[in-house]
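Peer 1:
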Amino acid sequence: MDVVTPLPRRLSGPTAPQRSGEPVVPLARVGSDDAALVEGLRAERPQAIAELFDRFDGIVRTMLIRTLGSARDVEDLAQETFLIVIRRISTLRDSAALSSFVIGVAIRVARNELRKRSLRRWVGLDDVEPESTEQDPVVRESVARVYRALDRMDASSRVVFVLRHVEGLELTELAAAMNVSLATVKRRLARAERRFEAIAGQDPLLRAYIGGES
Numbered sequence: 007m008d009v010v011t012p013l014p015r016r017l018s019g020p021t022a023p024q025r026s027g028e029p030v031v032p033l034a035r036v037g038s039d040d041a042a043l044v045e046g047l048r049a050e051r052p053q054a055i056a057e058l059f060d061r062f063d064g065i066v067r068t069m070l071i072r073t074l075g076s077a078r079d080v081e082d083l084a085q086e087t088f089l090i091v092i093r094r095i096s097t098l099r100d101s102a103a104l105s106s107f108v109i110g111v112a113i114r115v116a117r118n119e120l121r122k123r124s125l126r127r128w129v130g131l132d133d134v135e136p137e138s139t140e141q142d143p144v145v146r147e148s149v150a151r152v153y154r155a156l157d158r159m160d161a162s163s164r165v166v167f168v169l170r171h172v173e174g175l176e177l178t179e180l181a182a183a184m185n186v187s188l189a190t191v192k193r194r195l196a197r198a199e200r201r202f203e204a205i206a207g208q209d210p211l212l213r214a215y216i217g218g219e220s
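Heads up: the sequence shown begins at 7 in the working numbering, then just goes up one per residue.
#1: Flag this pair as yes or no: are the beta carbons of A102 and V66 separated by less than 8 Å?
#2: Rounded to a whole number of angstroms, what is the C-alpha to C-alpha distance between L43 and Q208?
#3: Take S187 and list the residues in its own chain whose beta-carbon comes closer than 7 Å to its own, dropping the five residues that flank it on each side.
#4: Can you grab the Cα-Cα spacing for the pair G46 / F59, in whole Å?
#5: Going along the chain, which residues of its own chain have a beta-carbon closer than 7 Å to the beta-carbon of V80, five neighbours each way excluded?
#6: Do you know how far the Cα of Q53 is from the Cα of R2?
#7: DSSP three-state label for R158, please.
#8: Taking only the alpha-carbon atoms, compute the straight-line gap between R117 and A183 and give it to the nearest angstrom.
#9: Does the separation of the CB atoms of E119 and L83 fall below 8 Å?
#10: Does the segment 157-173 touch the segment 189-208, meaning 3 or more C-beta pairs lie closer than 8 Å?
#11: Determine the burial state of E179: buried for a count of at least 16 other Cβ atoms within 10 Å of its Cβ, exposed for fewer.
#12: Tell me which same chain residues have a C-beta within less than 8 Å of the C-beta of L195, skipping the five on either side of it?
#13: Hey, could you find the ends of the alpha helix (DSSP H) L180 is sitting in?
#14: In the structure shown, what three-state DSSP assignment does A49 receive?
#15: Determine the extent of the alpha helix (DSSP H) in which D82 is found, giving its start and end residues.
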């Protein structure tokens with residue numbers, strides 16, 4: 007069975023805005039002081055909340071923008087993500103899983119937003135073109151077509167596809183973030199890949215990125 011060739015980074019869509027001099031934040035970073043941070047969050051200490059934002063703000067924003075295809079509403083959605091994390095931190099059993107916990111909340115926020123946007127498009131209230139920082143018009147058009155293809159996928163399939171093929175998460179990271187088994191992630195990803203293949207295969211510009219073509 008053909009599999010989707012991972013999208014090249016130059017076609018990976020929008021990137022999160024970066025503050026001047028701010029380092030690129032890896033998607034999943036586990037700190038040695040996770041236990042102390044989780045303890046502080048459970049105690050509602052302001053410094054712990056500030057550290058949560060400092061450590062995960064870049065990760066959350068990048069994931070939201072790339073999954074949704076635009077930076078519209080990302081400020082509100084990032085805030086919503088952190089509020090949920092703080093409110094539900096007591097449910098986190100293993101402090102070492104903090105990174106997966108935060109990413110998992112962001113995934114659910116993104117998935118819910120995708121469903122809302124799909125409904126708005128259906129009633130004609132939402133028609134947002136994906137944003138790209140690319141200067142090459144061919145690359146910009148390719149990015150736009152990728153996201154138009156993603157718009158035709160259901161929210162769950164789109165999220166798992168983007169996190170694997172755009173963000174480059176390992177299957178084990180996906181499983182942890184989505185709180186499902188590795189076998190479940192593989193099934194969902196395979197279904198998402200088949201759907202993307204079917205859609206992108208109709209577009210000559212995207213056809214090179216499926217079926218192992220170069």
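Each residue gets a CB set at the ideal place from its N, CA and C atoms; glycine is no exception.
Peer 2: Here's the rundown:
#1: no
#2: 48 Å
#3: A181
#4: Straight-line Cα distance between these residues: approximately 13 Å.
#5: R67, L70 and I71
#6: Past the edges of the chain, shown from 7 to 220, lies residue 2, and the structure says nothing about it.
#7: coil
#8: About 13 Å.
#9: yes
#10: yes
#11: buried
#12: Contacts found: V166, F167, R170, L177 and L180.
#13: L177 to M184
#14: It is coil, neither helix nor strand.
#15: V80 to R94
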